[in-house]
DNA sequence: TGAAAATATTTCAGAGTGAGAGAAAATTAA
DNA sequence: TTAATTTTCTCTCACTCTGAAATATTTTCA
């Protein structure tokens, strides 16, 4: 199988991975970064210049004596990635170029009354607008418009099967069940289109740019209306054949067959509070209420969360469990300490418990990250070389000027 | 990084992987198997002949017209793997050559009264004897004795940390806790020495040669005195940093914080039976007893096992859960059917439930398989090429003449 | 006995790498 | 101002390795 041409491909791939990671390097710098010889770097860069994937930029001012290196920079406008977090109430869009720069963020209420086909069209229209905007911004007057690769990744509030199309368990947005919505969207958009579970993509975001950026194995609990979990093993998100992996909300916690979801999700929590005769408007109120009945509800919440934490510790022994979702704000340090004690009473080890760093942006960030991964693949970067690119977004540029 | 010499290495590696998989191939056959050109195969084989790793065997009688190919066969005597399943009561040894042939099986009672150092010496002595026997059997009178690579893999009734030395939770054989036993054994034996959890290695055996041979993701429940589980994701056994992964015995199943182990393991089962006033001698008797009290104990057993099954389905969504261990014989088809119904009531998917095919040999088989993997690595076969070798033992030769 | 067919080896052009020489460009110093 | 020095980049060359094709060898079939 191994021809000598494979060597060239491997070298191009590792060089491109370094370039896509975002630093400013001259050819000499690339020689150091890749471990290739100067001659090879020169030749491979020449090839990339011919492809138009890369261009010579400014001269690198080092201040040292000797000839100055010329910066080799990726033609970032050759790729656009759009990440979408399609929630039950809000839909978030994030677009970046191939280098994860020039972020454009946009959010609006999800038109949840629309049927599958119209919802897909609504979404496709907005993604297309972002593709166009990114293209216009990146257009360089001096060159004829080159091919632009596009990747869109859409996070959905439901389980996505291993085929990437079948959706199941989308109780918050039932019209996207099945593959009608996903297929229509895939047809409506050019370029790569992929779907993922929203909790999985939120974890992807935290894994690349947030609380889990240094973890090898991590779990993210999303405590919102319901309870979901994303699972990353060796920095790869796992979903399973039908997307069931991580749905610890289904786990029974007592002899009456109550599940984690019934005791931990906001809906279950509110119902329990009402049944206990409490007068609360939001899930957060249950945690701040002082009535003994409220304490009992919270105690059951804590117990169920402890069982979920025990289960994931046994299942994956992650370094880290990230807490995200609306309700997670009500989980204070005292409770995380108690939760960890609960686990340690049963098990010889317990993961760290931390809050999400990216909050409601985690999903869109994870989606766009995954889109960038797809783009790298389209540009023939080997997956293992691409995996070395840990942070692929210019996060600072994004988080400051967030246009609501 | 990629020099042109890497191509040669990759080709040698994939060719060796085909040869180690065990078929009888001429150079022409290898050309087909590897996709390499005839010239390359000839050259690489020449190199392997020089190394003494391979030799020309008989002429391949095809019956077709044309020149006959010469069989290229691995010099199987260049490597010996010994797998050990060190149980609380019985210690099983299995030795094979580099091709997984000429199996030698041996078992004797574990001298469980010996302290760590003496137990290590006792074990080392037996492994050395098997190394020697394999060497003697393979010695070819026509050649000077070449270097023989040795690999020993020892399965232990406890969790093995990611460093491969620290042992924890070995309640059945407490003297092997810590790293005294493992370090001494490693010093005492030449060649590679590795340790693994016995449940993990049993799964490794089933994964390569038994019930899980076609599964990508599988779990094995070992129901013996206690309850343990091995986990294989994408055909790789996962243990976690401290070896905790899969210890679903720790999972709580009811509001009284009873654990799966307490309700499912033989010890817990017997205690529950005695507390219920039942007169039973073995765990199997509990299942055959007709008294209502016995039925209740079995009912709780089934419920706890159902929760463990639910948990692993959520955690990994495996195709298959293999049942092994002494008590698993008491789990009949009616019960597995009920267990799967239980899970399906809660979850949208449920793995197959099957009994171990290798029974009490699974652990030793898994250990020797892992030893063979280590040997392949020592002979510079790339891990991904080696992974293509699914069945690496001559199982038929082994299972028939099992010398007790 | 000769033709056909299959296996293995040899030859040769092509593709790719790295070391090192050489050209170009910048700083430093006389 | 000019030469020396240093750094970047390119070019040349020797080397490795591959695959295609030609060749030699061995076997079956007519």
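Protein chains in written order, with full-length UniProt numbering: chain Y, 1 to 404; chain Z, 1 to 404. Here a beta-carbon is modelled for each residue, glycine too, at the ideal position from N, C-alpha and C. Please read these numbers as outputs of a predicted model, since none were measured by experiment.
Residue state for residue 235 of chain Y is assigned as coil, using DSSP reduced to three classes.
Under DSSP, the beta-bridge partners assigned to residue 252 of chain Z are Z:259.
If you draw a straight line from the Cα of residue 201 of chain Z to the Cα of residue 351 of chain Y, it is about 26 Å long. The C-beta of residue 392 of chain Y has 16 or more other C-beta atoms within 10 Å across all chains shown, which makes the residue buried. Under a 10 Å Cβ-count criterion, residue 25 of chain Y is classified as buried, with 16 or more other Cβ atoms of the shown protein chains found around its own Cβ. Taken through DSSP and simplified to helix, strand or coil, residue 106 of chain Z comes out as strand.
For residue 57 of chain Y, the enclosing beta strand (DSSP E) starts and ends at 54-59. Listed in chain order, the non-local C-beta contacts of residue 11 of chain Y below 8 Å within the same chain comprise 34, 36, 40, 44, local neighbours out to five positions each way being set aside. The alpha-carbon of residue 119 of chain Z is positioned some 8 Å away from that of residue 112 of chain Z. Interface criterion met: the Cβ of residue 250 of chain Z is under 8 Å from a Cβ in chain Y. Any Cβ of chain Y closer than 8 Å to the Cβ of residue 255 of chain Z would place that residue at the interface, and such an atom is present. The beta carbon of residue 338 of chain Y is closer than 7 Å to those of 302 in its chain, skipping five residues each way along the sequence. For residue 150 of chain Z, no alpha helix (DSSP H) run applies; the uninterrupted beta strand (DSSP E) run containing it begins and ends at 149-156, by DSSP. For residue 109 of chain Y, no chain Z residue has a C-beta closer than 7 Å to its own C-beta; the minimum C-beta separation is roughly 30 Å. Under the 8 Å criterion on CB atoms, residue 241 of chain Y is classed as interfacial with respect to chain Z. Taking C-beta atoms as the reference points, residue 250 of chain Y and residue 320 of chain Z fail to come closer than 8 Å. Excluding the 5 residues flanking it on each side, residue 19 of chain Z has same chain C-beta neighbours closer than 6 Å at 74, in chain order. For residue 4 of chain Z, the nearest CB of chain Y lies under 8 Å from its own CB, placing it at the interface with that chain. Under DSSP, residue 197 of chain Y takes part in a beta bridge, and its partners are Y:156. Between the beta-carbon of residue 7 of chain Y and that of residue 2 of chain Z there is about 4 Å, and that keeps the pair under the 8 Å contact cut. Less than 8 Å separates the beta-carbon of residue 84 of chain Z from that of residue 155 of chain Z. Sequence-distant partners of residue 204 of chain Z (beyond 5 residues in either direction) whose C-beta falls short of 7 Å from its own C-beta, in its chain, are 237, 366, 369, 370. For residue 38 of chain Z, the enclosing alpha helix (DSSP H) stretches over residues 38-51. The Cβ neighbour count for residue 299 of chain Y, taken over all protein chains shown within 10 Å, is under 16; the residue is labelled exposed. It is roughly 21 Å from the alpha-carbon of residue 220 of chain Z to the alpha-carbon of residue 389 of chain Z.
One Cα belongs to residue 259 of chain Y, the other to residue 224 of chain Y, and the distance between them is close to 15 Å. Between residue 217 of chain Z and residue 244 of chain Y a beta carbon distance of about 12 Å is seen, past the 8 Å cut, so the two are scored as non-contacting. Contact with chain Y is absent for residue 295 of chain Z, since none of that chain's Cβ atoms lies less than 8 Å from the residue's Cβ. Here the alpha carbons of residue 49 of chain Y and residue 58 of chain Y stand approximately 15 Å from one another. DSSP places residue 323 of chain Y inside the beta strand (DSSP E), whose first and last residues are 320-324. Counting along the chain, residue 79 of chain Y sits inside the beta strand (DSSP E) bounded by residues 79-86.
For residue 72 of chain Y, the secondary structure class from DSSP, reduced to helix, strand or coil, is strand.
Closest in C-alpha terms to residue 383 of chain Z, from the list Z:235, Z:266, Z:186, Z:212, comes Z:235.
Around residue 308 of chain Z, the same chain offers 248, 260 as residues with beta carbons nearer than 6 Å, after the five sequence neighbours per side are excluded. For residue 95 of chain Z, the uninterrupted beta strand (DSSP E) run begins and ends at 90-97, by DSSP. In the three-state scheme derived from DSSP, where H, G and I count as helix and E and B as strand, residue 3 of chain Z is classed as coil.
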